[in-house]
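Scroll down for the structure; my scribbles are underneath it.
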Amino acid sequence: MDLEYSAEYEDFRSELRNFLEEHKHLSPGAVARAPANRESKTDGPNPAQRWQQLLIENGYAARTIPKEYGGCGEEPDSLKAHIIAEEFAKARVRPGHSGDNRLVPTVLELGTEEQKRWLVPPSIRGEMSWCQGYSEPGSGSDLASLSTRAEVDGDDFVINGQKIWTSGAQHADMMFCLVRTEPDAPKHQGISYLVFSMDTPGIEVRPLVTMTGEATFNEVFFTDARVPKNQIIGKRGEGWFVANNTLKHEREGLGDPHQAENRFREIEELMQNENVDGEPIMNNPAHRDRLLQLQGRMLAMKYNGMRVLTSQRKHEEPGLPRWIIKLQGCELNHQMAAMAIDSLGELGTLYHHSEHIRAGGMWQQRFMMDLGLIIGGGTAQIQKNMIGERALGLPKEPKVEVKPA
Amino acid sequence: MDLEYSAEYEDFRSELRNFLEEHKHLSPGAVARAPANRESKTDGPNPAQRWQQLLIENGYAARTIPKEYGGCGEEPDSLKAHIIAEEFAKARVRPGHSGDNRLVPTVLELGTEEQKRWLVPPSIRGEMSWCQGYSEPGSGSDLASLSTRAEVDGDDFVINGQKIWTSGAQHADMMFCLVRTEPDAPKHQGISYLVFSMDTPGIEVRPLVTMTGEATFNEVFFTDARVPKNQIIGKRGEGWFVANNTLKHEREGLGDPHQAENRFREIEELMQNENVDGEPIMNNPAHRDRLLQLQGRMLAMKYNGMRVLTSQRKHEEPGLPRWIIKLQGCELNHQMAAMAIDSLGELGTLYHHSEHIRAGGMWQQRFMMDLGLIIGGGTAQIQKNMIGERALGLPKEPKVEVKPA
Amino acid sequence: MDFALSEEQQFLTQTVNDLLRDQCSLDVVRNDASENQTKNASLYHALTELGIPGTLISEDYGGVGLRLLDAALIAESLGGSVATVPFIGSSVLAPVAIQLAGSEVQKDTWLPRLASGEITCGVALGDHVGARDNTPISTNGATVSGRAMFALDVQDADVFLVATKNCELHLVEAGEVELNRLFTIDKTRSVGEIVFDSASSDPLLSSGDLKGTLATVVDAGRVVVAADTLGAGQAMLDKAVAYAGERQQFNRVIGSFQAVKHMCAEMAAELEPCRSLVWYAAHAFDAIPEEARLTACHAKAHLAEVGRFVARKATEVHGGMGFTDLLGLHYWFKRIELNRQLLGTPEFVRNEAAKLQGWI
Amino acid sequence: MDFALSEEQQFLTQTVNDLLRDQCSLDVVRNDASENQTKNASLYHALTELGIPGTLISEDYGGVGLRLLDAALIAESLGGSVATVPFIGSSVLAPVAIQLAGSEVQKDTWLPRLASGEITCGVALGDHVGARDNTPISTNGATVSGRAMFALDVQDADVFLVATKNCELHLVEAGEVELNRLFTIDKTRSVGEIVFDSASSDPLLSSGDLKGTLATVVDAGRVVVAADTLGAGQAMLDKAVAYAGERQQFNRVIGSFQAVKHMCAEMAAELEPCRSLVWYAAHAFDAIPEEARLTACHAKAHLAEVGRFVARKATEVHGGMGFTDLLGLHYWFKRIELNRQLLGTPEFVRNEAAKLQGWI
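In structure tokens, the structure reads:
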């Protein structure tokens, strides 16, 4: 047990700090990463792309992507990755990216040399942005039952069907997508993994409004959309296994313990500053006890995150501490948002322009968004299945025979 | 909506009060109903039996049992039943019984005339006491998988196997028992319902100690125990349906809302009288808020009980309000016991003789006993299945084929 | 002893539900929400034809002369349909207050017009249910000054009932005040901030048992808000059960999975006793005064907790569809969340319950 | 940056677990419980051979000179086996206190004998962790008077460490006091009431930072109690998972039912982060003084809550068998329930955490 960073990492951190101090004025806005605008592609590198390039040159983005594909070609070092995330967050500077944390690792692992050269460099440079075509209206928890079909016609796959929950589809250049290519095979073995441009004729994107009132997601409709046969990653019928590779990368991002700690600090401050009948909420012992219970949970998750980080650094499988992050992390965030709302009382229900609104209605937005996260990316129920089966070794549900639809 | 009692019921109540005032000195102890002692059978009616007889004569016990079987032969009136329960509890006088609230209604509904005359009158008089032989070590939630066998040999069934969770087996005169008589039939159709004396050779009763440290239950072992063939209730192979009749009667007894209210009052008093660092626990706002949350739940369950009572009085099926009583009532009681323990802090952990012990360790005993009740008589999980399937109409789990054991 | 709804009450519920099914479909709600419309004219008119605004107003003043339990049943129906009409303020708090505290002249002036639906009344009790950004409301004779937050049923209100810091009750005509509508998560109800600047008032009560009267008005409101949550929660549960019985995943209807089935069972097990709690609290208001205040507090607080639980679980049962706008489930979710905070948060109201019982 | 156990720590855990598996089977615990034996002589002797009582005692005084994290790992193992030996009082609170506050003479007198297992020390801090029936402990020079409740590790203790009302620390030999054992639900640990009637004492600390020193001692105890709950909870979870993987009902292993599987998953999801919390709190005690007190409070409080949840759910997974004495599951259940209340209930300890952060 040693929570100090060795000299190598302290040096790395201070170099990074210096870099940020010197260059942060070049960062394109401190807010969440704005999606690349497809329209502006022809105008040469935009500020976001220039910033990304600067980060790659200095080893702060696309770190582990091989040099031949435009990355830094460094050895994986989860501690350095962690330091980068921490310092960018502290400096409120927009971090770099690695192209797409789902697509790029998948292509590097399972794509052909040609595909790697085609897809990875522009993705890393921010010239090719991605959206994910997995879920369908009829295939949520049971993703493998997806029914969007791709039939071979000459040198193309011809795609027909519908995807849902496609975040960023309205801005993305490209989609990686699961389609059914062998309809007669068992469901997990009839799927292929295709990549194609969102400009492909026959693709229609419709925004999907959620309970927050925002359209963070889309529905994507395919009508005879033609994709060349060589735009498949892996073999025909192996898409399910390619996709699991992607899902693995996505899952890690959720439930970041630092996010929970920051949120906790915001609530602490809120409770000290907001009054009911002239008394700060923090003076209300029932609210305070609830905040303390959340603090205990938050700290446990924070230290659990440190444990996972250590395992990753040692290239060990973290096991249970990682399996539980999504379930517990999303729930904790949701509970913290609820606590903030309840502290605000009536004011906590304000959601649109008002001089009385607090933080622009952010807590309500988070409260709902967190519920969406509890549901999305593997519902809480699916998470519990996975923890029970994969981490604890309990048996699966007995299979039910496929009935004709 | 009218919470007043009509004149008929007010009269009934005041007559009952007068009766209790006049006769309560004859009641054999105010504590929980002591089991009849099998040894004393030959000495004529004991005080408990004389008290029961007096109650029957006055219409306060075995009310709805037909006169020809020794009861009062009154029409079912759940309101009068409720008043009787209330007044006996208020006066802290031992209430009467109806023989056995599981066995007697079953025999009256499904037994032969001969069986009714044999079993009901002595049960009602308290001369024949009962225990239930249903659960087995391998058959808990899945009761219908029970494997205690009864094979026909001449005029007898010969029983071999084991029962568990048999409360009162060490004192009971008789057992009603589920046994497998047609081992080759589907599991629900191979069961028969037998009644027999606990003095039958080949029956051994062993006390079963629980987490509370008490032996409230028993295991019962059968080795070639012979029971005459005519001691079957219903037909061979129909025992499962006979038993469901019994279970129905048992289920109603759990989660009595008055019990919850009494318990709540005890905790309120406790929190007013117990001090930490010289301050009454009631002054601790976090504890107080928790007590108030429990009070809200308790009141909801109390009024839900009144709604069920009203339905029963109108001979309507109460539906959901009744289905949830066991699940919610047991949980509420458990939570209240936890609240009491936590209010007592370290003192709440005392369980055996000590000058500092509160209420003789009752709260710990209840805390554990309630957990036993959450598990027993249909676990919380089985309760949720029933609510989901029977009350809400959701489909059952797909059946899994029987694998050879 | 009859703890059940009368035939008349069952008929009332049926009638209101039928009307709402016809005239308050999700499309109507959605359309009203998109236009920030919280007083749907044709729906309100139809309810007026049934006499709904006059539910609690004596027949002497043109009302129906029913009791709070009946109003609670109506609120339950309105919550169940996330109806975009005024009710809690204009048809509960205001009539209760005017009948409790008003002079004959005041009753004659206001009640018939409220009963007929000719006018509606916004109600501002902010100083007494956990004051936030409010400026305390003060009076100087027949004028009122101050700033009241989270007044109810304010859209197009003709008159406002306001409780002053010292528990006086005043009626102030709309022309006398500045109204700033507040836009909450719940687009089906109207709340607002009312600014009184030496506004001329019709003082309803300025002596006698000020505190007791105001508290009774608040009790009525709390029971009715609880009933609204009950209705909204029941609607969400019903939708979840229906969805769980239809939606297939892994070749099975999802309701056959214990994880989903048990969520539905837990919702039902939590919500069903709430119905009895709301009934009892309403009946206590009508007939058992010594239990009215405590049961109103518990109904408000307990329904807030159970409502949130049901809103969340029902959304989860719907999976991603619950999170979208497509099924509109969020209208119920948000109505429940707004109700939670109205007329005293659960924490605030439980604290009142503690005081009532002499625990503090 | 290495948030993990060292190889030595993993070896320590393995060694203690091996010993406990051999010498602290359920039969041993059951037998000790039936005899009210909370200091199993042969088990204690075996632990002594490993140096366990001297874990926190400097090598200068015959101990092993390890840190609180190591003691927490041992406590986790002891909790996992519901071991019937003294530890928290005699091997944690007492050594920490004597090393923090004792003179050289006192260290020489007491530490080697504690380290070797020759003597054990009961510890009475009742006045400072939510005083109940206690009579405050007062001093008059080198004598102590008063009544301390819930002193730890009292059975056969040779000496008692007691904190007075004003935070002095005194050592009092067993012959000087009256000891009344207290019989709690947990038959695996020894607690008692100690009556001091002008008992001669060896004053450990009667000036300087009395409060701060005592608080540090309490911090150590809280972390170690939390670790004990972690171990007991993990054992219950392991047993539940094993049972769910074996027990058949409805022709299926019950762990294949989502209802059971999800209970196991929820237990694991709640308990696993607790391990990191306990590690961190212990490490903070050893190396990050500014975070030590707050994390000790949270470890104690959070493990109390999660422990109860796990104890209850693990019992439920076992169905009726969990409720009987047959599998002995209740020993773990009760150990967790006792831990909850020791050295400050979760509510009490959270309130301390609020004070530490300046919230009150």
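Residue numbers (the numbering used here), protein chains in the order written: chain A, 1 to 405; chain B, 1001 to 1405; chain C, 2001 to 2360; chain D, 3001 to 3360. From the three backbone atoms N, C-alpha and C, an ideal C-beta is built for every residue, glycine too.
- Message: Are the CB atoms of isoleucine 2088 of chain C and leucine 2152 of chain C within a distance shorter than 7 Å?
- Response: Within the third sequence, residue 2152 of chain C is the residue found at index 152, counting from 1. Within the third sequence, residue 2088 of chain C is the residue found at index 88, counting from 1. Judged by beta-carbon spacing, isoleucine 2088 of chain C lies within the 7 Å limit of leucine 2152 of chain C, meaning their Cβ atoms are closer than that value.
- Query: Between lysine 1326 of chain B and chain C, is there a C-beta pair that is closer than 7 Å?
  - Reply: Counted from its first residue, the second sequence places residue 1326 of chain B at position 326. Lysine 1326 of chain B does not count as touching chain C.
- Classify glutamate 2104 of chain C as buried or exposed, calling it buried when 16 or more other Cβ atoms lie within 10 Å of its own Cβ. Within the third sequence, the letter at position 104 stands for residue 2104 of chain C. By the neighbour-count rule (16 or more Cβ atoms within 10 Å), glutamate 2104 of chain C is not buried but exposed.
- Query: alanine 2163 of chain C: which of C/Ile2137, C/Val2177, C/Ile2254 sits nearest, CA to CA?
  - Reply: Residue 2163 of chain C sits at position 163 when you count from the first residue of the third sequence. Ranking C/Ile2137, C/Val2177, C/Ile2254 by Cα distance to alanine 2163 of chain C puts C/Ile2137 first.
- Item | Where the alpha helix (DSSP H) containing lysine 2039 of chain C begins and where it ends | Here residue 2039 of chain C refers to the residue found at position 39 of the third sequence. Element bounds for lysine 2039 of chain C: n/a, residue is neither H nor E.
- Query: Looking at the C-beta of leucine 1254 of chain B, does it have a partner C-beta in chain D at a distance below 7 Å?
  - Reply: Here the question's residue 1254 of chain B lines up with position 254 in the second sequence. The predicted position of leucine 1254 of chain B is uncertain, since its pLDDT is 47 and thus under 50; a value taken from the coordinates is nonetheless stated next. False, the Cβ-Cβ gap to chain D never drops below 7 Å.
- Task: Count the other CB atoms, across all protein chains shown, that sit within 10 Å of the CB of glycine 154 of chain A; report buried if there are 16 or more and exposed otherwise.
- Result: In the first sequence, counting from the first residue as 1, residue 154 of chain A sits at position 154. Counting Cβ neighbours within 10 Å, glycine 154 of chain A comes out exposed, since fewer than 16 surround it.
- Give the DSSP bridge partners of methionine 1175 of chain B, in chain order. As a position in the second sequence, residue 1175 of chain B is number 175, starting the count at 1. Beta-bridge partners assigned by DSSP to methionine 1175 of chain B: B/Cys1131, B/Phe1196.
- Task: Using a Cβ-Cβ cut-off of less than 8 Å, list which residues of the stretch 3242-3270 of chain D approach chain C; keep chain order.
- Result: Phe3257, Gln3258, Ala3259, His3262
- Query: Using a Cβ cut-off of 9 Å, which residues of the stretch 117-150 of chain A contact any Cβ in chain B, in chain order?
  - Reply: none
- Cβ of alanine 286 of chain A within 7 Å of Cβ of alanine 1340 of chain B? Along the first sequence, one-based indexing puts residue 286 of chain A at 286. Along the second sequence, one-based indexing puts residue 1340 of chain B at 340. Not in contact: alanine 286 of chain A and alanine 1340 of chain B (Cβ atoms no closer than 7 Å).
- Message: For leucine 2327 of chain C and valine 2241 of chain C, what's the separation of their Cα atoms in angstroms?
- Response: For the purposes of this step, residue 2327 of chain C is identified with residue 327 of the third sequence, where counting begins at 1. For the purposes of this step, residue 2241 of chain C is identified with residue 241 of the third sequence, where counting begins at 1. Between leucine 2327 of chain C and valine 2241 of chain C, the C-alpha separation is close to 14 Å.
- Task: Answer yes or no: do aspartate 3286 of chain D and leucine 3069 of chain D have a C-beta to C-beta separation smaller than 7 Å?
- Result: Taking the first residue of the fourth sequence as 1, we reach residue 3286 of chain D at position 286. Taking the first residue of the fourth sequence as 1, we reach residue 3069 of chain D at position 69. Contact flag set, yes.
- Query: Can you name the residues that DSSP bridges to proline 3203 of chain D?
  - Reply: For the purposes of this step, residue 3203 of chain D is taken as the residue at position 203 of the fourth sequence. Looking at the DSSP output, proline 3203 of chain D shares a beta bridge with D/His3170.
- Item | Where glutamine 3155 of chain D falls: helix, strand or coil (DSSP) | Position 155 of the fourth sequence, counting from 1, holds the residue named residue 3155 of chain D. In the structure shown, glutamine 3155 of chain D sits in coil (DSSP, three-state: anything other than H, G, I, E or B).
- Report yes if the CB atom of alanine 3378 of chain D is closer than 7 Å to the CB atom of alanine 3296 of chain D, and no otherwise. Residue coverage of chain D in this structure runs from 3001 to 3360, which leaves residue 3378 of chain D outside it and unanswerable.
- Message: Looking at threonine 349 of chain A: is its Cβ nearer than 7 Å to the Cβ of leucine 2338 of chain C?
- Response: Counting from one through the first sequence, the residue named residue 349 of chain A turns up at place 349. Counting from one through the third sequence, the residue named residue 2338 of chain C turns up at place 338. Contact flag set, yes.
- Message: For leucine 2277 of chain C, would you say it is in contact with chain B, using Cβ-to-Cβ distances shorter than 7 Å as the test?
- Response: The residue you call residue 2277 of chain C lines up with position 277 of the third sequence. Chain B contact via Cβ: present.
- Report the neighbours of alanine 1286 of chain B on chain A: residues whose CB is nearer than 7 Å to its CB, in chain order. On the second sequence, residue 1286 of chain B is found 286 positions in, with the first residue counted as 1. The answer, in chain order, is Pro285, Ala286, Asp289.
- First through last residue of the alpha helix (DSSP H) which encompasses aspartate 2238 of chain C: As a position in the third sequence, residue 2238 of chain C is number 238, starting the count at 1. 2210-2244 is the span of the alpha helix (DSSP H), which, as asked, contains aspartate 2238 of chain C.
- Item | Environment of valine 1152 of chain B [buried if 16+ CB atoms lie within 10 Å] | Position 152 of the second sequence, counted from the first residue, corresponds to residue 1152 of chain B. Exposed, by the Cβ-count rule.
- Along the stretch 3042-3054 of chain D, what residues have a CB closer than 7 Å to any CB found in chain B? For chain B, none of the residues of the stretch 3042-3054 of chain D brings a beta carbon within less than 7 Å of one of its beta carbons.
- glutamate 2008 of chain C at chain A interface by Cβ criterion, 7 Å: If you number the third sequence from 1, residue 2008 of chain C lands on position 8. Taking Cβ atoms only, chain A never reaches closer than 7 Å to glutamate 2008 of chain C, which makes this a no.
- Item | For valine 1209 of chain B, the three-state DSSP class (helix, strand or coil) | Taking the first residue of the second sequence as position 1, residue 1209 of chain B is located at position 209. In the three-state scheme derived from DSSP, where H, G and I count as helix and E and B as strand, valine 1209 of chain B is classed as coil.
- Message: Looking at the strands, I want to know which residues DSSP matches up with phenylalanine 71 of chain A.
- Response: Numbered from its first residue, the first sequence carries residue 71 of chain A at position 71. The sequence shown places glycine at residue 71 of chain A, rather than the phenylalanine named in the question. For glycine 71 of chain A, which the question treats as bridged, DSSP gives no partner whatsoever.
- Query: Hey, would you say valine 3195 of chain D sits closer than 7 Å to glutamate 3168 of chain D, going by beta carbons?
  - Reply: By 1-based counting over the fourth sequence, the position of residue 3195 of chain D is 195. By 1-based counting over the fourth sequence, the position of residue 3168 of chain D is 168. The answer is no: Cβ separation not under 7 Å.
- Query: aspartate 379 of chain A versus chain C: which residues are under 8 Å apart at the beta carbon?
  - Reply: Looking up residue 379 of chain A in the first sequence gives position 379. In the sequence as presented, aspartate is not what sits at residue 379 of chain A; that position holds threonine. Near threonine 379 of chain A (Cβ distances below 8 Å), the residues of chain C are Glu2316, Gly2319.
- Query: Between the C-alpha atoms of glutamine 1231 of chain B and leucine 1178 of chain B, what's the straight-line distance to the nearest angstrom?
  - Reply: If you number the second sequence from 1, residue 1231 of chain B lands on position 231. If you number the second sequence from 1, residue 1178 of chain B lands on position 178. Their backbone Cα atoms lie some 12 Å apart in a straight line.
- Straight-line CA distance for glutamate 15 of chain A to leucine 309 of chain A? Numbered from 1 along the first sequence, position 15 holds the residue referred to as residue 15 of chain A. Numbered from 1 along the first sequence, position 309 holds the residue referred to as residue 309 of chain A. So the two alpha carbons sit approximately 21 Å from each other.
- Message: I'd like to know whether the C-beta of arginine 1263 of chain B is nearer than 7 Å to at least one C-beta of chain C.
- Response: Within the second sequence, numbered from 1, the residue matching residue 1263 of chain B stands at position 263. Arginine 1263 of chain B does not count as touching chain C.
- Chain-ordered neighbours of isoleucine 3185 of chain D on chain B, where CB pairs are closer than 7 Å: The residue you call residue 3185 of chain D lines up with position 185 of the fourth sequence. Neighbours of isoleucine 3185 of chain D on chain B, chain order: Thr1349, Tyr1351, Gln1364.
- Rank B/Glu1022, B/Ile1083, B/Asp1077, B/Pro1076 by C-alpha distance to the C-alpha of leucine 1054 of chain B and give the top, closest one. What you label residue 1054 of chain B is simply residue 54 of the second sequence in a count that begins at 1. Nearest C-alpha to leucine 1054 of chain B: B/Glu1022.
- Task: Go through its chain and collect everything with a Cβ distance to alanine 2265 of chain C's Cβ below 7 Å, but skip five positions before and after it.
- Result: Along the third sequence, read from residue 1 onward, the residue named residue 2265 of chain C stands at position 265. Once the five neighbours on either side are set aside, alanine 2265 of chain C has no close Cβ partner at all.
- Beta bridge counterpart(s) of threonine 2143 of chain C as assigned by DSSP: As a first step, residue 2143 of chain C must be located in the third sequence, where it is residue number 143. According to DSSP, threonine 2143 of chain C bridges with C/Ser2200.
- Query: Can you find a CB in chain C that lies within less than 7 Å of the CB of methionine 1301 of chain B?
  - Reply: Within the second sequence, residue 1301 of chain B is the residue found at index 301, counting from 1. True, the Cβ-Cβ gap to chain C drops below 7 Å.
- Query: Quick one: what does DSSP say asparagine 1160 of chain B is sitting in, helix, strand or coil?
  - Reply: Position 160 of the second sequence, counted from the first residue, corresponds to residue 1160 of chain B. Reduced to three states, the DSSP call for asparagine 1160 of chain B is strand.
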